[in-house]
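Undergrad:
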Amino acid sequence: MSTVAPPVTHPRILVVDDELGPRESLRMLLKPVYQIQTAENGRAALELLPRFRPDVVIMDIKMPEMDGLELLRQVKRVEPSIEVVMITAYASLETVKLALTHGAFEYLIKPFSRQDMEDVVRRAVLRRQTDLGARSQVARLVEEMRQLSTKTRDLEEAARREAAEQSLRVTQLSLLREISRTIIGQLDTRTLTAAVTEQLRTALGYDRVEITPEAPQRPGDVGDTLMACAIRDAQGPLGYLVVDNRASGRGIDPRERELLEMLSEYLAIALRNSRLYGEIADTKRSLEHLIASAGDAIISVTAADRVDGWNPAAERIFGLAKDEALGRPVIDFLPAAEYAGARAWLTEGQSLHQFETAPRGAHPRPAALAVTLSALRGRGGSLDGLIAIVRDITAQRELESQLHQSEKLTALGQLAGGIAHDFNNLLQAILGYAQLMKQNPHDPAFLDRSLRVVESAAVDGAETVRRIQQFARLRPDEQFVSVDVNQIVQDAVAITRPRWEEKIAHDSRPLDLRLELGTVERINGRPAALTELMTNLVLNALDAMPDGGTLAITTGQEPGHSVSVAVADSGIGMPESVRQRVFEPFFSTKGEAGSGLGLAMAYSIVRRHGGEIRVESEVGRGTTFTLTFPVAREPGESRAAAGRPGEHRAAQILLVDDEPKVLATLTELLRSVGHAVTASPSGASALEAYAPGRFDVVMTNLGMAGMNGWEFAERLRAVDRRVPLLLITGWGLRDEDHDRLAALGIRRCLFKPVQPADLDAAIQEALG
């Protein structure tokens, strides 16, 4: 079923945007000048195309179901001459390239001014109308020439049939052919009209012949001595062919009138063709000016891959004048392999191909070029040549590099803020319980519970450092152990209790904690990481209840299924747009108070433990985080498992560390398990105290002022190659350091803070 387009009074614009606000604002902006239709998605827009037949489509790039790039391809498939303007708030270089590659007229980046929009639409409509006008005019010209050819043949046939009028007809046809040659061979309007009128006046003896824009006034009774034939085509009147014999009084024969009327049809084609030629000439001058003033190099290439067009921008980018570049192989300027690959794509039917490269040649050149090769095809579809548009993107790449560096620094600052956030939480627990222990020195049960919390917080801090070192590849991953999820929940509650009680005392808000810990099987994991995860969820729940509320933590398990933990608060909740992004790194709704890393790290910890985390929330009705972990299939080492049984050996140990507090702590830890320790505050003093056979084990810190651990180990090995040597570090190790450990015969590297059991186990292993 055919459809009828609306009357052409104003150009037609179709606005496609999935958001009502931008869609309606564009409709109201363009409505006074254009016919407007809107569509809320790509499917609706495609349904409107055959009915509305727009001249210009304005569409958003980012839309659900069908994005703007796909809609652009569909529109161009239906009607390639429709101009498309893309609108986006996420303008990346790749998005812009794709849009222009698929035929977009222009793109605008939100927010844009009303002037920008009106200017882009006006230019798009102008190009659409020019394109349609040129195509329809050429088609009409061809059809009219066919019709005239048919009429000419009919006239010749009539002349042959009418023997009595043969001589006159032949004369007329000869004149017509002569004038036709003039019409066909002449495109300048003034020269054309002068030649035709002179031939008519001379051949037929008229007093005066002219072509005028207006029909002449007929004063009085002029009889048959004056004739005006309208010159018109399908688009309207073009003028009048006027024959005036009033001076001589000779009448114009009816056969002559027939000839003049026929000639006026030829003249209509000629005048229209002349006007088209003028428009083409204007367009050619405009395109030449555009190419000459373009900021990008525009190079035309022959089918033999030689340069035959070179604009001023090409001279600037490649440092070569036009006369020197014309005729040279294009691979003198573009890398041969990349050019050959792009040409192969175009030969196979692609309309254009893009690549980035560095220029060739010895002249000073830009560092980076973006090249777009487009095919020039003949009537049979063969590749007759190419157009290369070359843009100097050196400054753009440098700016992108600076932007990437800035983003890295910003991310590093946010990461540092997140780390500070986590450590401040742990320090709050340590400081709070330390102060409470000072206030209750005679309550053994409270002291024991407080010391456990302090110890757990310190271990969690070590876990944070360990994960950072693992991320930086300064520390290997640790093995999972068997973990009780209920114990993890209780530890997290204990760590956050000072913050909880402080909030109650300071804000006078009712806060209620409900623990519903069911019977669950153990899971495999890292206790410190899981405690950090649970601590983050509890603290986020507190922040989500500024007016008080209830926090419920529930654990459970169905037989044979995963262990689940639910953390539910009755706080302010979150909208769907926030809920969908809550696990993104650096996404925060707390402003300066939030790093945006807490929940991202929680997600990472859950996924590393083979679990899943999901969030359910509704504004004003609270939030629930649900975690599930797989049950441990194989028994692992318990969190509180004792060391392996065996004979414990006491050792003579040389301990080296330039930090007095660390040196004192490690000395006391080693002595508490029966070792004899010689403590040295520097590598130099340790070398002075060392003698072969005096010590069973040497343990040195890695990062020390003056002589570091590596230097100490090298100098120690020069004295004694056999003594067991251990490293202890708070910095971590790089990949290349492991070969250095082996070369120096270092048995093991311990990472601060180290547990007493791990410290003694390393000594026993070295002795063994």
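The sequence shown begins at 221 in my numbering and counts up by one. Ideal placement from N, C-alpha and C gives every residue a C-beta, glycine not left out.
1. Using only alpha-carbon positions, find the residue among Arg428, Ser245, Gly459 that is nearest to Arg470.
2. How is the alpha helix (DSSP H) around Ser189 delimited, first residue to last?
3. Where does Asp959 fall in DSSP's three states?
4. Quick check on His509: buried or exposed, where buried means 16 or more other Cβ atoms within 10 Å of its Cβ?
5. Among all the DSSP beta bridges, which residues are the ones paired with Ser824?
6. Using a 10 Å radius around the Cβ and a threshold of 16 neighbouring Cβ atoms, would you call Glu752 buried or exposed?
7. Does the beta-carbon of Ile873 have 16 or more other beta-carbons within 10 angstroms, so that it is buried, or is it exposed?
8. Figure out for me which residue from Leu483, Thr503, Leu596 has the closest Cα to the Cα of Asp525.
9. With DSSP as the reference, identify every bridge partner of Gly745, one or two as the case may be.
10. Short of 7 Å in beta carbon distance, which residues of its chain neighbour Asp339, apart from the five on each side in sequence? Order them along the chain.
11. Out of Ala454, Met754, Leu875, Pro779, which one is the CA nearest neighbour of Ile773?
12. Could you check what DSSP says for Gln574 in three-state terms: helix, strand or coil?
13. Can you give the Cα-Cα distance for Ala788 and Glu736, rounded to whole angstroms?
14. Residues in its own chain within less than 7 Å of Gly863 by CB, not counting five upstream and five downstream?
15. Taking only runs that begin and end inside the segment 407 to 439, name each unbroken alpha helix (DSSP H) of 4 or more residues, in chain order.
16. Starting from Met190, trace the beta strand (DSSP E) in both directions and tell me its first and last residue.
17. For the putative contact between Pro549 and Thr577, defined by C-beta atoms under 8 Å, what is the C-beta separation to the nearest angstrom?
18. So for Asn660, helix, strand or coil by DSSP?
19. Can you check DSSP and say which residues form a bridge with Phe849?
20. Look at the alpha carbon of Leu589 and the alpha carbon of Phe575, and state the distance between them as a whole number of angstroms.
21. Can you say whether Gly816 is buried or exposed, counting buried as having 16 or more other CB atoms within 10 angstroms of its CB?
22. Between which two residues does the beta strand (DSSP E) containing Val191 stretch?
23. Can you check whether the CB of Phe845 is closer than 7 Å to the CB of Ile783?
24. Report the option in Arg410, Gly791, Leu733, His230 whose CA atom is closest to the CA atom of Ala174.
25. For Gly745, tell me which candidate among Asp711, Leu762, Val703 has the shortest Cα-Cα distance.
26. Short check: CB of Phe932 to CB of Thr920, under 7 Å?
27. Per DSSP, Gln777 is paired with what?
28. Here's the rule: buried if 16 or more other CB atoms are within 10 angstroms of the residue's CB, otherwise exposed. What is Glu991?
29. Under the DSSP definition of a beta bridge, which residues are partnered with Ile307?
30. So for Tyr559, helix, strand or coil by DSSP?
31. With which residues is Thr592 paired in a DSSP beta bridge?
32. Please identify the residue among Ile256, Lys504, Pro231 whose C-alpha is closest to the C-alpha of Arg342.
33. Does Thr775 pass the burial test, meaning 16 or more other C-beta atoms within 10 Å, or should it be called exposed?
34. Provide the residue(s) that pair with Ala517 in DSSP beta bridges, ordered along the chain.
35. Inspect the CB distances between the segment 877 to 897 and the segment 922 to 937 and report whether three or more fall short of 8 Å.
36. In whole angstroms, what separates the C-alpha of Asp604 from that of Leu593?
TA: For this structure:
1. Residue numbering aside, residue 470 sits at position 250 when the sequence shown is read from its first letter. Of the candidates Arg428, Ser245, Gly459, the one whose C-alpha sits nearest the C-alpha of Arg470 is Arg428.
2. Here the chain comprises residues numbered 221 to 988, so residue 189 is not present and cannot be evaluated.
3. Locating residue 959 in the sequence shown gives position 739, where the first residue counts as 1. It is helical.
4. Counting from 1 along the sequence shown, the entry for residue 509 is found at position 289. It is exposed - the Cβ of His509 has fewer than 16 other Cβ atoms within 10 Å.
5. On the sequence shown, position 604 is the one that residue 824 refers to. Ser824 is not bridged to any residue.
6. Taking the first residue of the sequence shown as 1, we reach residue 752 at position 532. Result: buried.
7. Walking along the sequence shown from the start, residue 873 turns up at place 653. With 16 or more Cβ atoms within 10 Å of its Cβ, Ile873 is classed as buried.
8. As a first step, residue 525 must be located in the sequence shown, where it is residue number 305. The shortest C-alpha separation from Asp525 is found at Leu596.
9. Within the sequence shown, residue 745 is the residue found at index 525, counting from 1. DSSP output for Gly745 lists Val701 as bridge partner(s).
10. For the purposes of this step, residue 339 is identified with residue 119 of the sequence shown, where counting begins at 1. Around Asp339: no qualifying Cβ.
11. Numbered from 1 along the sequence shown, position 553 holds the residue referred to as residue 773. When only C-alpha atoms are compared, the closest one is Met754.
12. On the sequence shown, residue 574 is found 354 positions in, with the first residue counted as 1. In this structure, Gln574 counts as strand in the three-state DSSP scheme.
13. Here the question's residue 788 lines up with position 568 in the sequence shown. Here the question's residue 736 lines up with position 516 in the sequence shown. C-alpha separation (whole angstroms): 12 Å.
14. What you label residue 863 is simply residue 643 of the sequence shown in a count that begins at 1. Low confidence applies to Gly863: its pLDDT is 42, below 50, so where it sits in the model is not reliable enough to give any reading.
15. 409 to 424
16. Absent from the model: residue 190. The displayed extent of the chain is 221 to 988, so no value can be given.
17. As a working mapping, residue 549 is identified with position 329 in the sequence shown. As a working mapping, residue 577 is identified with position 357 in the sequence shown. Contact doesn't hold; Cβ gap of about 16 Å is too wide.
18. Sequence index remark: in the sequence shown, residue 660 carries index 440 (1-based). Residue state, collapsed to three classes: coil.
19. Within the sequence shown, the letter at position 629 stands for residue 849. Beta-bridge pairing links Phe849 to Val783.
20. By 1-based counting over the sequence shown, the position of residue 589 is 369. By 1-based counting over the sequence shown, the position of residue 575 is 355. Between Leu589 and Phe575, the C-alpha separation is close to 9 Å.
21. In the sequence shown, residue 816 corresponds to position 596, counting from 1. With a pLDDT of only 49 at Gly816, under the threshold of 50, the placement of this residue in the model should not be trusted, and no figure is reported.
22. Nothing about residue 191 can be read from this structure; the chain reaches only from 221 to 988.
23. The sequence position of residue 783 within the sequence shown is 563, counting from 1. The sequence position of residue 845 within the sequence shown is 625, counting from 1. Looking at the sequence itself, residue 783 is Val, so the reference to Ile does not match. No, the pair does not count as a contact, with Cβ atoms beyond the cut-off.
24. With the chain covering 221 to 988 only, the question about residue 174 has no answer from this structure.
25. As a working mapping, residue 745 is identified with position 525 in the sequence shown. Considering only alpha carbons, the answer is Val703.
26. For the purposes of this step, residue 932 is taken as the residue at position 712 of the sequence shown. For the purposes of this step, residue 920 is taken as the residue at position 700 of the sequence shown. Judged by beta-carbon spacing, Thr920 lies within the 7 Å limit of Phe932, meaning their Cβ atoms are closer than that value.
27. Along the sequence shown, read from residue 1 onward, the residue named residue 777 stands at position 557. Beta-bridge pairing links Gln777 to Val783.
28. Lying before the first or after the last residue shown, residue 991 is absent from the chain, which here runs from 221 to 988.
29. Here residue 307 is taken as the residue at index 87 of the sequence shown, counted from 1. In the DSSP output, where bridge partners are listed per residue, Ile307 has Asp280, Leu328.
30. Here residue 559 corresponds to residue number 339 of the sequence shown, with the count starting at 1. Residue state for Tyr559 is assigned as helix, using DSSP reduced to three classes.
31. The residue you call residue 592 lines up with position 372 of the sequence shown. Thr592 pairs with Gln574, Ile609.
32. Taking the first residue of the sequence shown as 1, we reach residue 342 at position 122. That would be Pro231, whose Cα lies nearest to the Cα of Arg342.
33. The residue you call residue 775 lines up with position 555 of the sequence shown. So Thr775 ends up on the buried side.
34. For the purposes of this step, residue 517 is taken as the residue at position 297 of the sequence shown. Ala517 pairs with Val610.
35. yes
36. Position 384 of the sequence shown, counted from the first residue, corresponds to residue 604. Position 373 of the sequence shown, counted from the first residue, corresponds to residue 593. Cα-Cα distance, rounded: 13 Å.
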